[in-house]
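One structure below.
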Amino acid sequence: SAKLLLAQDKGKVVNVDESVLDNGTIPHGATLGIPYAPDRLPDPKDAGAAKRWAVCERPGEGGRAIQKAAFVLAEREEKRTDDKSRLRGGEMMYVQGPDRTRYLVDATGKAYPVPDDELLLRTLVDQNSEPQRVSTAWLATLHKGDRIDFPALDGVPGAPANVPGTLDDDTNKVGMVLAATAGTRTQQYVVLPGRVAPVSDFIAKLLLSSRDLDKLGQAGREKPVGASAFSPGRAFGAELDWPVHEAKAVNSPDVTKGSRNTVCNVLRDVDADNGATTLSTWVGTSFPATLPTGSSSAYVTPGSGEFFRQFQGSKTDVGFLFLVTDTGLRYAMQSNSDSGQDESGIGASGSKKEREARQQEAQQAQN
Numbered sequence: 101s102a103k104l105l106l107a108q109d110k111g112k113v114v115n116v117d118e119s120v121l122d123n124g125t126i127p128h129g130a131t132l133g134i135p136y137a138p139d140r141l142p143d144p145k146d147a148g149a150a151k152r153w154a155v156c157e158r159p160g161e162g163g164r165a166i167q168k169a170a171f172v173l174a175e176r177e178e179k180r181t182d183d184k185s186r187l188r189g190g191e192m193m194y195v196q197g198p199d200r201t202r203y204l205v206d207a208t209g210k211a212y213p214v215p216d217d218e219l220l221l222r223t224l225v226d227q228n229s230e231p232q233r234v235s236t237a238w239l240a241t242l243h244k245g246d247r248i249d250f251p252a253l254d255g256v257p258g259a260p261a262n263v264p265g266t267l268d269d270d271t272n273k274v275g276m277v278l279a280a281t282a283g284t285r286t287q288q289y290v291v292l293p294g295r296v297a298p299v300s301d302f303i304a305k306l307l308l309s310s311r312d313l314d315k316l317g318q319a320g321r322e323k324p325v326g327a328s329a330f331s332p333g334r335a336f337g338a339e340l341d342w343p344v345h346e347a348k349a350v351n352s353p354d355v356t357k358g359s360r361n362t363v364c365n366v367l368r369d370v371d372a373d374n375g376a377t378t379l380s381t382w383v384g385t386s387f388p389a390t391l392p393t394g395s396s397s398a399y400v401t402p403g404s405g406e407f408f409r410q411f412q413g414s415k416t417d418v419g420f421l422f423l424v425t426d427t428g429l430r431y432a433m434q435s436n437s438d439s440g441q442d443e444s445g446i447g448a449s450g451s452k453k454e455r456e457a458r459q460q461e462a463q464q465a466q467n
């Protein structure tokens, strides 16, 4: 294709090793030649190897639009999503969907809806923090946790709890949040009628800011007590699918240079038996890799690619097949069939509906 752009009998082809082009030092420009045709195919062994996928969003210029991009990273580039920008512990993303629902997203890629309650938001994120706008499609890639709110306690806050042990009367009250040594760490607890229950750091923070418990006068601080003053009972809030660590939002919707306004959900593994996904999250000042010239929404490790199946639900052996190359484009693939009567070429069934879906996918391959 390149020869068609040169004057006849002019121009010289310079042979270079593909490793020079693939080492990431030389930025890739737009592909010249037949529209949407791959300039080369990945090595079969490489195409069959698992890759690290990431879907990222960041504010566009002016902050109105959302810039979206997908990344398919070979093993040699997985470190791009495992660096210091990867979320760990209680680090969170604070985002908002198109329906204005707010979410905290934790380091494991789980999204927790948060109601628009001023005190609750002030407890979870900085007072003046604004959520970063993200798309419905991006939110759909996340796991779903429970809605976060101030937890309700059994009993009347401030009433005598009658917990056995040596807690003084001011401490032995329903709703008091305590801290005591447990092994090599400090464990937090809440006093309930007849027992002292272990709680996560996340729940303890919510309890200390709860309007219902304000009368206890803890001013947002747990009360230190000796480990021998009580015997812990069963945990409180274990049934809630909430974060464990105290939350700290690390992203920002600010469009100024240097702001951590690029949020990524990273697919680390897919269980071949049930389709369960292992996720992590990443927040940076720009995309994990520079998009190739001519591509505004996709990056594949140079010289790499992936042959993959798109499935729904838990059946990982049924679905459309695609090949994605380092141009950032995906191509619908035809699978081999042992039966001449199966004309679908994709998936396990040859229904008219699936053939039409295959044609539609092929037409959208350049996306």
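In my numbering, the protein residues as written are 101 to 467. We treat Cβ as the ideally placed atom computed from N, Cα and C, and that holds for glycine. Being a predicted model, the structure only gives us computed values, none of them experimental.
Quick one, are the C-beta atoms of residue i and residue j less than 9 Å apart?
| i | j | result |
| --- | --- | --- |
| R152 | E118 | no |
| D426 | S397 | no |
| Q227 | M276 | no |
| L187 | A211 | no |
| G209 | D341 | no |
| G333 | L292 | yes |
| V344 | S300 | yes |
| D217 | L253 | no |
| V172 | Y431 | no |
| L141 | P402 | no |
| I248 | L316 | no |
| L429 | P138 | yes |
Starting from residue i and walking both ways along the alpha helix (DSSP H), at which residues does that stretch end?
| i | result |
| --- | --- |
| V120 | 118-122 |
| S309 | 301-309 |
| P260 | Careful: P260 lies outside any alpha helix (DSSP H) and carries neither H nor E. |
Keeping to the same chain, check which residues put their C-beta closer than 7 Å to that of residue i; ignore five residues upstream and five downstream.
| i | result |
| --- | --- |
| S185 | W382, V383, G384 |
| S309 | L219, T223, G320 |
| E230 | P353 |
| G440 | Only weak support is given to the placement of G440: the predicted model assigns it a pLDDT of 40, under 50, and the question is left unresolved by the model. |
| D438 | A caution first: D438 carries a pLDDT of 43, below 50, which makes its placement in the model unreliable, though a value can still be read off. Hits under 7 Å: none found. |
| N361 | R158, P159, Q232, N351, S352, P353, D354, V355 |
| R322 | One detail in the question is off: residue 322 reads as Glu in this sequence, not Arg. The residues are V277, L278, A279, Q288, A304, L308. |
| G265 | A329, F330, S331 |
| K348 | G190, E191, M192 |
Could you check where the beta strand (DSSP E) with residue i kicks off and where it finishes?
| i | result |
| --- | --- |
| L367 | 362-370 |
| L379 | 377-384 |
| A137 | No beta strand (DSSP E) holds A137; DSSP gives it neither H nor E. |
| A398 | 398-400 |
| R430 | 430-432 |
Apart from the five residues on each side of it in sequence, which residues of its chain come closer than 6 Å, Cβ to Cβ, to residue i?
| i | result |
| --- | --- |
| V116 | none |
| G163 | V355 |
| G375 | S414, T416 |
| R202 | Q196, V214, P231 |
| F250 | L306, S310 |
| G129 | T393 |
Starting from residue i, follow its DSSP beta bridges and name the residues at the other end.
| i | result |
| --- | --- |
| H243 | K210 |
| T281 | T286 |
| M276 | According to DSSP, which records beta bridges pairwise, M276 is partnered with nothing at all. |
| T393 | None; T393 has no bridge partner. |
| A154 | F171, V366 |
| K110 | In DSSP, K110 forms no bridge with anything. |
| A147 | Beta-bridge pairing links A147 to no other residue. |
| Q410 | F420 |
| K323 | L278 |
| R233 | Q196 |
| P127 | Partner(s): none; P127 has no beta bridge. |
| L292 | R295 |
| P405 | Looking at the sequence provided, one finds Gly at residue 405 rather than Pro. BP columns for G405 point to T425. |
| P159 | I166 |
Residues in the same chain with beta-carbon distance under 8 Å from residue i, minus the five sequence neighbours each way, listed in chain order, please.
| i | result |
| --- | --- |
| G419 | R409, Q410, F411, Q412, G447 |
| V114 | none |
Item checked: Segments of 4+ residues assigned as alpha helix (DSSP H) that fall wholly inside the segment 162-220 -> Entirely contained in the segment 162-220, not one alpha helix (DSSP H) run reaches 4 residues.
Check: In the segment 333-364, which residue ranges form an unbroken alpha helix (DSSP H) of at least 4 residues, counting only runs that do not cross its ends?
Finding: For the segment 333-364, not a single whole alpha helix (DSSP H) run of length 4 or above is found.
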